[in-house]
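Numbering (my numbering), first residue to last: 968 to 1500. Cβ coordinates follow ideal geometry from the N, Cα and C atoms, glycine included. Have a look at the structure below before the remarks.
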């Protein structure tokens, strides 16, 4: 699945703005001499394009393209994708590899033009503007490198991107952490594509010919909703009645969900809890923390309860947030509290879910819903903050909520309505063209933002390759994608890769000063479920 996308506004004092700008500028200083050396070395190296590899054949159309309605909505939503690497980064190899792959992609060699006609316009890419090697304190890297990476990622959530350039960057953190010898941080504007598009692109950059999940995902034979196909006439009258009732149930649930969706901007949001963001939370500094969990443990719980991996992850999320909530509020609330909150979950709307072949994503003759871009709808799922004696009850409850949504066209409604609002009402009614701390409250609270801000959190689960990737000759140890920009204080991402599944939290840096405790709650919740199943 893809990730969530929304925006709003925040007011800063002038003094705080100056301090923030100065501190971030010091973090993002470039080693100019090193960059010049890299450039001269790169010129002397043979071009990778002459090598007979799959990525050497990348070729795309060169015409300008209009911005899709979804891309127009994502004014201030950005993706951060952290790759843990097995060896230090060779900057020259990185430059050559990027020139042969990402730079050839039309979204990565185009700038976004919003006026008069929103479109992607091709330009010449200068990699010196996109490869960033920050000048960080070596003492801090030796004392606590994990904390230094966290702080650097947090600083990126407050830095704007330059609209005069293609909206992507690669930050090289060439020092070891507890999990990797070096880290690559891709910062990409969400208008470029959704999470599955970017994971598919990452797989295409691998040196090995094909790294798709085995077995490859099968095309959907029917819509995302769970209505069964019509039985043959020989199946009898009861089968026909059951088929009719299933469509009646689909229609009823769809109407109810549509009514709730349209009423959300007018109704109160979820009750305020420790997870609720303050006004303008989308512009506050975010902190990103992650932890690897065992995919086998998740599958063990899945098989024990005869459910899906998504059901297990939603149950773990509910259990983890419950542990965190009762620890903050006090254990005496545990037995008498039962809060019903809502979670917004993006759903990949492509006919074939999961990782795609890049040539299929970019083929102009492919079904438009299967192509590169942001192809997502949304489900609004209820979850509960309550204490259960049986820890597996969290998963059963999550499965019940998810199964109910499968008998609904809510994901299609959310995708269609958001696009129609953008097309017919105009961008300024959805998001302002340019956000700044001085944006007016009337502009900062548009329709779609009001809907999203009525929920408590967001969660996204993406499927990754089951075999290890190599990015320009360097083995990838883990993949940790996340986003910043939605009007939520808490966003949870799940990313499977090889035999692990990584949980990544994007939290408000001020509200979740103990975010590592919350991260531990996810690991502990899964462990308890594994032991109980």
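Taking one C-beta from the stretch 1048-1061 and one from the stretch 1146-1156 each time, how about it: are there three or more such pairs within less than 8 Å?
yes
Hey, is the stretch 1412-1421 in contact with the stretch 1226-1241, meaning 3+ C-beta pairs nearer than 8 Å?
yes
What number of angstroms, rounded off, separates the C-alpha of residue 1224 from the C-alpha of residue 1377?
6 Å
So, using beta-carbon positions, are residue 1039 and residue 1078 closer together than 8 Å?
no
For residue 1094, which residues of its own chain have a beta-carbon under 8 Å away from its beta-carbon, when the five flanking residues on both sides are left out?
1062, 1065, 1066, 1070
Report back the beta-carbon spacing between residue 1348 and residue 1373 to the nearest angstrom; my notes put them in contact at under 8 Å.
With 8 Å as the limit, residue 1348 and residue 1373 do not qualify as a contact, their Cβ atoms being about 11 Å apart.
Can you tell me whether DSSP reads residue 1132 as helix, strand or coil?
coil
Name the residue from 1449, 1266, 1498, 1495 whose alpha carbon lies nearest to the alpha carbon of residue 1050.
1449
Label residue 1484 either buried or exposed according to how many other C-beta atoms from any shown protein chain fall within 10 Å of its C-beta, with 16 as the threshold for buried.
exposed
When burial is assigned at 16 or more other CB atoms within 10 Å of the CB, is residue 1305 buried or exposed?
exposed
Taking the C-alpha atoms as reference points, what is the distance between residue 1157 and residue 1203?
50 Å
Environment of residue 1316 [buried if 16+ CB atoms lie within 10 Å]:
buried
4-residue-minimum alpha helix (DSSP H) runs that sit fully inside the stretch 1252-1320, ordered along the chain:
1262-1272, 1276-1296
Within 10 Å of its beta-carbon, does residue 1219 have 16 or more other beta-carbons around it, so buried, or fewer, so exposed?
exposed
Less than 8 Å separating the beta-carbons of residue 1086 and residue 1032?
yes
Endpoints, beta strand (DSSP E) assigned at residue 1156
1149-1156
Taking the CB atoms as reference points, tell me whether residue 1511 and residue 1428 lie closer together than 8 Å.
This structure leaves residue 1511 out entirely; the chain is present only between 968 and 1500.
DSSP puts residue 1360 in a beta bridge; with which residues?
Its beta-bridge partners do not exist; DSSP assigns none.
Select from 1127, 1236, 1253, 1141 the residue whose C-alpha is nearest the C-alpha of residue 1109.
1141
What residues in its chain sit with their C-beta under 8 Å from that of residue 1359, if we drop five residues either side in the sequence?
1268, 1271, 1272, 1282, 1496, 1499, 1500
Could you check how far apart the C-beta atoms of residue 1443 and residue 1414 are, in whole angstroms? I think they sit under 8 Å.
So it is not a contact: roughly 40 Å between Cβ atoms.
Please report the straight-line C-alpha distance between residue 1091 and residue 1345, rounded to a whole angstrom.
36 Å
Between the CA atoms of residue 1381 and residue 1048 - distance to the nearest angstrom:
26 Å
Going by C-alpha distance, which of 1433, 1264, 1159, 1357 is nearest residue 1076?
1159
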